[in-house]
Amino acid sequence: NAAQTGNGFARLDDFKLQRGILGQGDQPSPSAFLNWSQDSAWINPQTNSPDTLLSTDSFPGCILEFPVTQDFSYETNNDLTRISDLTFMLNSLRLTGFFDGASPESATLSGSELLLTDDLDSASANLALEAMGPAYSFFLKQDLILFHDLEITGNGSAAFVLEGQISEYHKPTSLTKSGTSSLLIKSSPKHTGPTSINEGEIILAENVTLSSEVIISEKAILSGSGTLTNSLSGAGTISPGQGIGTLTIQNASPKRLHLEIDGNQADHLVSTGILDLSSTTLSWSTQNLTEVVYPIITYKSLIDGFRNPNFPPAGYVFDYNYQGNKIALVRSENSYQVWSQQTHALSGANALFEADPDLDGIPNGLEFFTGSNPAEFTKTHPLKASRRSGSTSVSYPISSLGQATLFRLQSSTDLINWDDTFPGDQLPTVKEEKHFYSPGLGKVSQNITLPSDKIRFFRFIHRP
């Protein structure tokens, strides 16, 4: 009796399903279909004997289990309600089994919505993703109404797809994901409590909007091509796309960001609020890099940029001001052309490395290196020197793009003889402060001990 605490209809009757159905011309169909109310469609786990699911079996302790099948696919249809004609109520929906069939198979759960609730002993409402075998897929098409908070658990390796919508009976209810399984969500959830991803992965399909607060723990991943409209926090990983794709977030300071590049396509992260990358650890999956420019992030407000040890793929540099509001990967050997011709729309003689179209005495090449605008008069020279006792300090801004160029700091006492070396062949102490002035524009300081009785001049020289 499934209406007794601790019992519940648990397993689809495999031998019943394996009969399949007949299609046109009496040819077997590759899938089997049954209604939940069908006679003897279920097995009672206490007795291991066939049983029939009734409306009276819908109560807070009800547990329904749907196993994998090895050589056919099946679809089940919920045609039941509670005895009061209200939504069918249960505590746990379990997707189980180990699949090692010769060809991919699937199970589809469709029909009327379900009401998920804590059981009579206060065990949480549960969706258990336990089935093993990546060639097996579960498609859950039913809408899920949360009477209490929902826990999604399980270490299954099958493909789990939630096509139905999550909503709530009382506000607010929360969703918590644990276990190493991955869940693809294809309909925008409507619960208002927080979404906590403690382990495994939640994938948002394209056009899915998640409006709840999202918290990602260190072992968890949020991926896909959907949109977050609330805050995002936690030490977990953000990975746009299911493969290559675009993920939209609002305010965030992501701790881990994983981006994929394949040929002429790249993942893209869009931030519609405030984005802080100062604590972000960046990782890559790249192959066949063919493009000069890969835009990877679009931002509305950028607080800080990537800091060490985050490096772009070999042969590329970061451009934090691409098209005014994007972070892009730019091929190092083409970085000046992209900066001059695309970012600042220079052309002809005005786009040359040695040109000075704004007549401020700072040629394009040096403005590129120090991050100033070649089309606007720069009032303050970027190179600054000061002396205190016997120590001389020289500082200058350096752009993330400009690091692809080969400028050298030289000194002279007479403006005629210039040298890369300093008295006593000493090496200056060099300090670089990432994003000191703004994202993508750092500060380099060099300290040298120099004789105090001589005037010394400094300059940059480009060594192509």
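With our numbering, letter number 12 in the sequence shown gets 688, and the count goes up by one each step, no holes. Glycine is no exception: its CB is placed at the ideal position from the N, C-alpha and C atoms.
{"Item": "From R1132 to S1011, what does the alpha carbon distance come to, in whole angstroms?", "Value": "33 Å"}
{"Item": "Bridge partners for K853 per DSSP, in chain order?", "Value": "I828 and I873"}
{"Item": "For T956, which option in T772, T962, R932 and G949 has the closest C-alpha, if you only look at C-alpha atoms?", "Value": "R932"}
{"Item": "On the three-state DSSP scale, how would you describe F774?", "Value": "strand"}
{"Item": "Among residues of its own chain, excluding the 5 on either side of P1058, which ones have a beta-carbon nearer than 6 Å to its beta-carbon?", "Value": "T1046, Y1072 and P1073"}
{"Item": "Given a threshold of 16 other Cβ atoms within 10 Å of its Cβ, counted over all protein chains shown, does V1106 qualify as buried or as exposed?", "Value": "exposed"}
{"Item": "Could you name the residues of the same chain whose beta carbon sits closer than 7 Å to that of R758, not counting the 5 residues immediately before and after it, in chain order?", "Value": "S731, S734, F764 and M765"}
{"Item": "Using beta-carbon positions only, say whether V744 and F775 come within less than 7 Å of one another.", "Value": "yes"}
{"Item": "Apply the 10 Å Cβ neighbour rule to E877 and answer buried if 16 or more other Cβ atoms are within range, or exposed otherwise.", "Value": "buried"}
{"Item": "Go ahead and label D795 buried or exposed: buried means 16 or more other beta carbons lie within 10 angstroms of its beta carbon, across all protein chains shown.", "Value": "buried"}
{"Item": "Specify, as a first and last residue, the run of the alpha helix (DSSP H) that G1041 falls within.", "Value": "N1040 to T1046"}
{"Item": "For the ligand GDP, is there any heavy atom lying closer than 6 Å to the beta carbon of S961?", "Value": "The ligand GDP is not part of the structure shown, which contains no ligands of any sort."}
{"Item": "Report the option in S857, A928 and Q963 whose CA atom is closest to the CA atom of V946.", "Value": "A928"}
{"Item": "Ordered along the chain, which non-local residues of its own chain (more than five positions away) have a Cβ less than 7 Å from that of G939?", "Value": "N964 and T966"}
{"Item": "Does DSSP put E882 in a helix, a strand or coil?", "Value": "coil"}
{"Item": "For A807, count neighbouring Cβ atoms within 10 angstroms of its own Cβ and tell me buried if that reaches 16, exposed if not.", "Value": "buried"}
{"Item": "Looking at C-alpha atoms only, which residue of S854, I973, P1050 and N883 is the closest neighbour of L953?", "Value": "I973"}
{"Item": "Does P1099 come out as helix, strand or coil in the three-state DSSP assignment?", "Value": "helix"}
{"Item": "Please classify L1082 as buried or exposed, where buried requires at least 16 neighbouring CB atoms within 10 angstroms.", "Value": "exposed"}
{"Item": "On the criterion of 16 or more Cβ atoms from any shown chain inside 10 Å, does R1007 qualify as buried, or is it exposed?", "Value": "buried"}
{"Item": "Which one or two residues does DSSP pair with V837 in a beta bridge?", "Value": "F815 and L860"}
{"Item": "What three-state label does DSSP hand F1136 in the structure shown?", "Value": "strand"}
{"Item": "If distances are taken between C-alpha atoms only, which option among E1109, Q918, G900 and S800 comes closest to D825?", "Value": "S800"}
{"Item": "Check each candidate in S901, P916, E882 and I925 and name the one with the smallest Cα separation from V890.", "Value": "I925"}
{"Item": "Leaving out the 5 sequence neighbours to the left and right, which residues in its chain are closer than 8 Å to F1098 when beta-carbon positions are compared?", "Value": "S1087, P1104, I1124 and L1126"}
{"Item": "Does the distance from the CB of T913 to the CB of H944 come in under 7 Å?", "Value": "no"}
{"Item": "Quick check on the DSSP output: the beta strand (DSSP E) that includes Y1072 runs from which residue to which?", "Value": "S1067 to S1075"}
{"Item": "Rounded to whole angstroms, how far is the Cβ of G1000 from the Cβ of S977, which I believe are closer than 8 Å?", "Value": "Actually they are not in contact, since the Cβ atoms of G1000 and S977 sit about 13 Å apart, beyond 8 Å."}
{"Item": "Which residue comes first and which comes last in the beta strand (DSSP E) that contains M765?", "Value": "F764 to L766"}
{"Item": "Going by the DSSP bridge assignment, what does L978 pair with across the sheet?", "Value": "L951"}
{"Item": "Using CA atoms only, rank isn't needed, just tell me which of A896, L880 and Y812 is closest to K853.", "Value": "A896"}
{"Item": "Which ranges would you report for the beta strand (DSSP E) in the segment 913–967 if only whole runs of at least 3 residues count?", "Value": "913–916, 922–925, 932–938, 944–952 and 957–963"}
{"Item": "Tell me the rounded alpha-carbon separation between G902 and A942.", "Value": "16 Å"}
{"Item": "Where do the ends of the beta strand (DSSP E) carrying Q1086 lie?", "Value": "F1083 to S1088"}
{"Item": "Using three-state DSSP, classify G894 as helix, strand or coil.", "Value": "According to the sequence as given, residue 894 is Glu; it is not Gly. DSSP places E894 in coil when its eight states are reduced to three."}
{"Item": "Is L792 closer than 7 Å to L762 when the C-beta atoms are compared?", "Value": "no"}
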